[in-house]
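Structure record follows, encoded as structure tokens.
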Amino acid sequence: MRQMPRRAKTPGWLTAAREANRPGTDWLARALGRSGAVHPSELEATLAAGRVRVDGKVTTKPFTPVTEGSKVTVDGKPVPLERQSRVLMLHKPAGVLAQGSGRDKRLTVVDVLGPLLDEAQQRYAWHAVGRLDVDTTGLLLFTNDERTVARVTSPESHLPKRYLATVHPKASEAMLQPLRDGVLLDDGPARPAVAKVRAPGVVELTITEGRNHQVKRMLAAVGLPVLKLHREAVGGIELDVEEGAMRELSAEEVKTKL
5 MRQMPRRAKT PGWLTAAREA NRPGTDWLAR ALGRSGAVHP SELEATLAAG RVRVDGKVTT
65 KPFTPVTEGS KVTVDGKPVP LERQSRVLML HKPAGVLAQG SGRDKRLTVV DVLGPLLDEA
125 QQRYAWHAVG RLDVDTTGLL LFTNDERTVA RVTSPESHLP KRYLATVHPK ASEAMLQPLR
185 DGVLLDDGPA RPAVAKVRAP GVVELTITEG RNHQVKRMLA AVGLPVLKLH REAVGGIELD
245 VEEGAMRELS AEEVKTKL
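Numbering (our numbering), first residue to last: 5 to 262.
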């Protein structure tokens, strides 16, 4: 009788990752990075050394499932797992990459942000909330909570993002009307935007989406190629620090303006 081939065993890390994706459950490494209990650069070594316990048992696996009710300790010290969303505001300079590869030696936003963090802030794993093109300046947010990233960047949230674009001086209110109606782009119609001429050759555009190069493509579609682009607001958060500077938002700002 012909034997049926054995089903390949699911890797332990994959089983754990699937378990951690259940509602109310997270994986250990992500929870530790969010809590600030372990410096991100030391997380792997801390786990490997057996310094982390979950419900009293040593664990070295980063995908170990945990919930807010789990008792996690590092070197015997309790780690709070309640989600506390912290958010940083960075004024991104021009010429800085949103991210880079090992072969690209240009500055990235992480390079700019790192020296600005105090000792406590350095212990968190910070995630950029969206991105800005290398030549775009202005407001870029970072958070320790991946759910904040998802909420702020999701098109379903309709969170407004306000930009200032330097274009040709011929820009007029009439030229911007298609943007208010919902201009057609190569990947489908854009949502109606708030658009106005703020000064000669300067257009203010507020969108509630975040498609690739969307602002540049929208303005190009009405005959106004972008020469410079600056983001000055996300939700109710307005950029209020100098170029290259950073500050942490208050808990009230995070709760009511994002």
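Each residue gets a CB set at the ideal place from its N, CA and C atoms; glycine is no exception.
| Item | Value |
| --- | --- |
| So, helix, strand or coil for G60, using DSSP? | coil |
| Less than 7 Å between the C-beta atoms of V113 and L253, yes or no? | no |
| Give the straight-line distance between the Cα atoms of A197 and P182, rounded to the nearest whole angstrom. | 9 Å |
| If you reduce the DSSP assignment to three classes, tell me which class G142 lands in. | strand |
| Straight-line CA distance for V100 to V138? | 5 Å |
| For a quick check, are the C-beta atoms of V70 and A35 less than 7 Å apart? | yes |
| Could you give the distance in angstroms between the alpha-carbon of H131 and the alpha-carbon of L209? | 26 Å |
| Checking the sheet assignment: what are the DSSP bridge partners for K200? | E208 |
| Mind pulling the beta strand (DSSP E) runs of 3 or more residues that sit fully within the stretch 96 to 170? | 131 to 133, 141 to 147, 165 to 170 |
| Just the C-alpha distance for L32 and A124, rounded to the nearest angstrom, thanks. | 20 Å |
| Give a yes or no on whether the C-beta atoms belonging to A199 and R215 are separated by under 7 Å. | no |
| Give every residue of the same chain whose Cβ lies closer than 8 Å to the Cβ of R157, excluding the five residues on either side of it in the sequence, and list them in chain order. | The amino acid at residue 157 is misidentified as Arg; the sequence shows Thr. Excluding residues within five positions, the ones whose Cβ falls inside 8 Å are V133, G134, G214. |
| Around the C-beta of H217, are 16 or more other C-beta atoms found within 10 angstroms, so that it is buried, or is it exposed? | exposed |
| Which value, in whole angstroms, describes the spacing of the CA atoms of V76 and K61? | 9 Å |
| Give me the residue from G142, F146, G240, L136 with the minimum Cα distance to Q126. | F146 |
| Going straight from the alpha carbon of D244 to that of L111, what length do you get? | 23 Å |
| Does S176 pass the burial test, meaning 16 or more other C-beta atoms within 10 Å, or should it be called exposed? | exposed |
| Based on the DSSP output, what are the partners of T77 in its beta bridges? | R57, P82 |
| What residues in its chain sit with their C-beta under 8 Å from that of H43, if we drop five residues either side in the sequence? | Q126, R127 |
| To the nearest angstrom, how far is it from the Cα of G118 to the Cα of A129? | 11 Å |
| Apart from the five residues just before and just after T260, which ones in its own chain have a Cβ nearer than 8 Å to its Cβ? | G240 |
| Between T141, V78, K165, V207, which lies nearest to H172 when the distance is taken from Cα to Cα? | V207 |
| For the alpha helix (DSSP H) that K174 lies in, which residues bound it at each end? | Segment: none, K174 is in no alpha helix (DSSP H) and carries neither H nor E. |
| Within 10 angstroms of the Cβ of P204, are there 16 or more other Cβ atoms? Answer buried if so, exposed if not. | exposed |
| State yes or no: is the C-beta of L168 within less than 7 Å of the C-beta of E236? | yes |
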